[in-house]
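S.K.: I have a structure here, written as structure tokens, and I will follow up with some questions on it.
2 protein chains.
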Amino acid sequence: MDKRNAILESAVELFGAHGYNQTSMQQIAESVGISKGSLYSYFQSKEDLIISIYEHYQQLVFERAFVVGLDGNLPPMERFAKQFQVQFEGILEYKSYMKMHMRGESTKNSEKLAAMEHRMRGRLFSWLEQNLLDVYGKEIRPYKWDLMWMTQSIYASYMMLLISHDDTLNPSRLGAHLVRQITLLANDFLCGESSPQLNDDMMKSFSVSMDKEGAFISFEKREKAWESLYGKIKGIDDSRDYVNIANRISEECRESEPDKLILKGLFRLLKDKEELRIEAEELERQLLPE
Amino acid sequence: MDKRNAILESAVELFGAHGYNQTSMQQIAESVGISKGSLYSYFQSKEDLIISIYEHYQQLVFERAFVVGLDGNLPPMERFAKQFQVQFEGILEYKSYMKMHMRGESTKNSEKLAAMEHRMRGRLFSWLEQNLLDVYGKEIRPYKWDLMWMTQSIYASYMMLLISHDDTLNPSRLGAHLVRQITLLANDFLCGESSPQLNDDMMKSFSVSMDKEGAFISFEKREKAWESLYGKIKGIDDSRDYVNIANRISEECRESEPDKLILKGLFRLLKDKEELRIEAEELERQLLPE
DNA sequence: TTTTTAGTTGACTCACTAGTCATTTTACCT
DNA sequence: AGGTAAAATGACTAGTGAGTCAACTAAAAA
């Protein structure tokens, strides 16, 4: 089962460097050091392989920011910046995957992948919407599409820079910078000086109904587990301590090699609080299977 | 020689819709209504075909904005907005080409195309630099890369929207909107509230030395002709009238079917002014060959 | 009308790649 | 050691697509 991961890594490297169509199964097999036949005992087809790559990496990059967003103790704007920072850190860690993803060719080749991409975009947009409303208030609603569109395009462009200049750029500064720029644009809209260019109708392809069938089931299960843990914590008297523990867990999970013992200990602490036991156990099961 | 253009048009349509690698020479031949063998008597190879497409369309889209920029009578900011507007109009007119271009797959397949793309990017950036300096003054120099980067990413993202929603979006409004947003960002930098993230060193791959050998020779010849005409006009006493004539010529050229008689007449007017004769003749030769 | 020329054709070659499967190798158990 | 199940292999199939070329066609020239 470890070889499966080795294949995923080699493949993402090659796809990122040369593109999906320009990389043959033979090349992937050679770069892993196995035969082509073996590849097909781990993945049914080339399409299956790239879908597995997306399933594997997508959540690694995205979940981080989602979890940071659950910590209600940070002021909204800082939380927003922090989420971008964490996202940028994720991008640095999975550079090849991001390269592959940004080439975007692969999408055009398969119905299934296109649906997945569509879903991911919907996810990104609803996350953005949530944050923009939290940070700038309900008043920005008439301008939300403009802001969301600007945000994602600036975000994407910084992503590209980050990938080629990881040495000079710094995720934390970049996150703050991005939020600062969005704030300028938002204020301009709020002053009524600028009028929106985009509307619901034009953007309907970006709003995905989340209850559709699709991939990411496991991802969503984990998200749900985080969400209900933070939810329960909020309802507790001395929530402060428990938020810290939860935050510490999420930080540890973001490490490239999370320390399982530390996680176990932290979960132990959570489970001591009777009210949190069920949620903590559920999340622990998601994060530390076996 | 007309069949060559028919091929270019069919090919750009197919490349735009399905992508370069997903379109076979056979399909192109069928869509033009000729045999595959004939294709190869007009273009040496598939690569030659796509390079010819780039050579053909690139200048059509880009030259417009360049020429608008030469009219020194508009205030800098309005001129900037107008240039974007004209650029957006061009995008609408050559939608298939823009789609193809934005897919970007083709670039990865050929050294020559990659060099071309690199050159185009350099062109775009130096055009942006010129405009930003004109509009916001020398003071923005320390922030120029940040501003250029933001501008091009917002510009590119609007381009994408425009292609899929040409019915609702309007080039003129979009141009003004874009400049407004850039102005906000620029002012923030000028207030010293925000610090730059990008520097010369990181961006060196975007600054192209213009004296390199490459494509676009004909494009540049035409640019030069425009430039020296506007230059000469500026040195004349009653320049106003002649600027108007020159602007009228550039507008007419932007029509999908420029009226050759009108152009001839306008050029006649210019040539009446002895000081402009040589330049007007040169440009007329570039624009109305035969 | 016959000859020459230019343009057009589509069957063919060659290279490449996704995916298969009979055979071999390895690892494990008795 | 011998036997068996699981895993790995690479030659093979079938399909595709870029590019070629001998044969064909149409039109211009003689």
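Protein chains in written order, with the numbering used here: chain B, 49 to 338; chain G, 49 to 338. Heads up, the beta-carbon is just placed ideally off N, CA and C, and yes, glycines get one too.
1. Please classify G:Ser93 as buried or exposed, where buried requires at least 16 other C-beta atoms within 10 Å of its C-beta.
2. May I have a chain-ordered list of the alpha helix (DSSP H) segments no shorter than 4 residues that lie completely inside the stretch 70-129 of chain B?
3. Taking any Cβ of chain G, which residues in the stretch 219-233 of chain B have a Cβ under 9 Å from it, in chain order?
4. Give a yes or no on contact between the stretch 54-69 of chain G and the stretch 136-146 of chain G, applying the rule of three or more CB pairs nearer than 8 Å.
5. Alpha carbon to alpha carbon, what distance is there between B:Val109 and G:Thr155?
6. Return the residues of the stretch 197-213 of chain G that lie within a Cβ-Cβ distance of less than 9 Å from chain B, sorted by chain order.
7. My guess is that B:Leu119 and B:Asn295 are in contact by the Cβ rule of under 8 Å, so how many angstroms apart are they, rounded?
8. For G:Ser79, which residues of its own chain have a beta-carbon under 7 Å away from its beta-carbon, when the five flanking residues on both sides are left out?
9. When the Cα atoms are used, what is the spatial distance from B:Ser220 to G:Ala234?
10. Give me the subset of the stretch 150-179 of chain B whose CB atoms are less than 7 Å from a CB atom of chain G, sorted by chain position.
11. Just verifying my parser: in three-state terms, what is the DSSP assignment at G:Glu303?
12. So is B:Thr71 buried or exposed if we call it buried at 16+ other beta carbons inside 10 Å?
13. Going by DSSP in three states, B:Ile284 sits in which element: helix, strand or coil?
14. Look at the alpha carbon of B:Ser298 and the alpha carbon of G:His225, and state the distance between them as a whole number of angstroms.
15. Nearest to G:Ile99 by alpha carbon, out of G:Glu300, G:Tyr203, G:Met164?
16. Applying a beta-carbon distance threshold of less than 9 Å, which residues of chain B neighbour G:Gln245?
17. Does any CB atom of chain G fall closer than 7 Å to the CB of B:Gly67?
18. For B:Gly223, is the classification buried or exposed, using 16 other Cβ atoms within 10 angstroms of its Cβ as the cut-off for buried?
19. Do you know offhand how far G:Ala54's Cα is from G:Gln133's?
20. Cβ-heavy atom distance between B:Met150 and the ligand MG below 6 Å?
21. Taking C-beta pairs closer than 8 Å, name the residues in chain B that G:Asp236 reaches, listed in chain order.
22. Going by CA-CA distance only, name the one from B:Tyr184, B:Ile76, B:Glu153 that's closest to B:Phe128.
23. Using a threshold of 7 Å, state whether the C-beta atoms of G:Leu318 and G:Leu324 are closer than that.
24. Under 8 Å, with one C-beta from each stretch per pair, do the stretch 197-207 of chain G and the stretch 194-207 of chain B reach the 3-pair mark?
25. Pick from B:Ser212, B:Pro244, B:Asp214: whose alpha carbon is nearest that of G:Thr216?
26. Is it right to say B:Trp193 is buried, meaning 16 or more other beta carbons lie within 10 angstroms of its own, or is it exposed?
27. Suppose the cutoff is 7 Å on Cβ atoms and the five residues either side in sequence are ignored; what does the same chain contact list for G:Leu97 look like?
28. What residue does the alpha helix (DSSP H) around B:Ile310 start on, and which one ends it?
29. Just to confirm before moving on: does the CB-CB distance between G:Pro124 and G:Asp214 stay below 7 Å?
30. Express the C-alpha separation of B:Gln131 and B:Leu172 in angstroms, rounding to a whole number.
31. Are B:Leu210 and B:Phe136 close, meaning C-beta to C-beta below 7 Å?
32. With a threshold of 7 Å between beta carbons, is G:Phe264 in contact with chain B?
33. Contact criterion: CB-CB distance below 7 Å. Does G:Met250 meet it with respect to chain B?
34. Would G:Ser83 count as contacting chain B if we go by Cβ distances under 7 Å?
M.R.: Taking the geometry as given:
1. It counts as exposed.
2. List check, alpha helix (DSSP H) in window: 73-80, 84-90, 94-116.
3. Taking 9 Å as the Cβ-Cβ cut-off against chain G, the residues of the stretch 219-233 of chain B that qualify are Arg221, Leu222, His225, Arg228, Gln229, Leu232, Leu233.
4. Yes: at least three Cβ pairs fall under 8 Å.
5. If you take the alpha carbons of G:Thr155 and B:Val109, they lie about 27 Å apart.
6. Of all residues in the stretch 197-213 of chain G, Trp197, Met198, Gln200, Ser201, Ile202, Ala204, Ser205, Tyr206, Met208, Leu209, Ser212, His213 have a Cβ within less than 9 Å of some Cβ in chain B.
7. The identity of residue 119 of chain B in the sequence shown is Asp, whereas the question assumes Leu. Sure, about 6 Å apart at Cβ, within 8 Å.
8. Excluding positions up to five away in sequence, the list reads Ser58, Leu62.
9. Near 22 Å, if we compare the C-alpha coordinates of G:Ala234 and B:Ser220.
10. Going along the stretch 150-179 of chain B in chain order, one finds Glu153, Lys156 with a Cβ nearer than 7 Å to chain G.
11. G:Glu303 carries a coil assignment under DSSP once its states are collapsed to helix, strand and coil.
12. With 16 or more neighbouring CB atoms inside 10 Å of its own CB, B:Thr71 falls in the buried class.
13. Look at B:Ile284 here: in three-state DSSP terms it is coil, with no helix or strand label.
14. Here the alpha carbon of B:Ser298 sits roughly 40 Å from the alpha carbon of G:His225.
15. For the residues G:Glu300, G:Tyr203, G:Met164, the minimum Cα distance to G:Ile99 belongs to G:Met164.
16. Under the 9 Å cutoff, chain B gives Tyr206, Leu209, Thr216, Leu217, Asn218, Arg221, Leu222, His225.
17. Contacts with chain G at 7 Å (Cβ-Cβ) include B:Gly67.
18. Label assigned to B:Gly223: buried.
19. Cα-Cα distance, rounded: 28 Å.
20. Ligands in the displayed structure: none, and consequently the ligand MG is not present.
21. Per Cβ cutoff of 8 Å: Arg228, Gln229, Leu232.
22. Measuring C-alpha to C-alpha distances from B:Phe128 to each of B:Tyr184, B:Ile76, B:Glu153 identifies B:Tyr184 as the nearest.
23. In this structure, G:Leu324 lies closer than 7 Å to G:Leu318 by Cβ.
24. As far as the Cβ criterion goes, the stretch 197-207 of chain G touches the stretch 194-207 of chain B, which means the pair count is three or higher.
25. For G:Thr216, the closest alpha carbon among the candidates B:Ser212, B:Pro244, B:Asp214 is that of B:Pro244.
26. Buried is the call here.
27. The beta carbon of G:Leu97 is closer than 7 Å to those of Ala59, Phe91 in its chain, skipping five residues each way along the sequence.
28. Looking at the DSSP string, the run of the alpha helix (DSSP H) that includes B:Ile310 is 308-320.
29. No. Outside cutoff.
30. In this structure, the straight-line span from the alpha carbon of B:Leu172 to that of B:Gln131 is close to 12 Å.
31. With contacts defined by Cβ atoms closer than 7 Å, B:Leu210 and B:Phe136 form a contacting pair.
32. Only weak support exists for where G:Phe264 lies, its pLDDT of 41 falling under 50; the coordinates are left without a value.
33. Among the residues facing chain B, G:Met250 is included, as its CB has a counterpart in that chain under 7 Å away.
34. Taking 7 Å as the threshold, the shortest C-beta distance from G:Ser83 to chain B does not fall below it.
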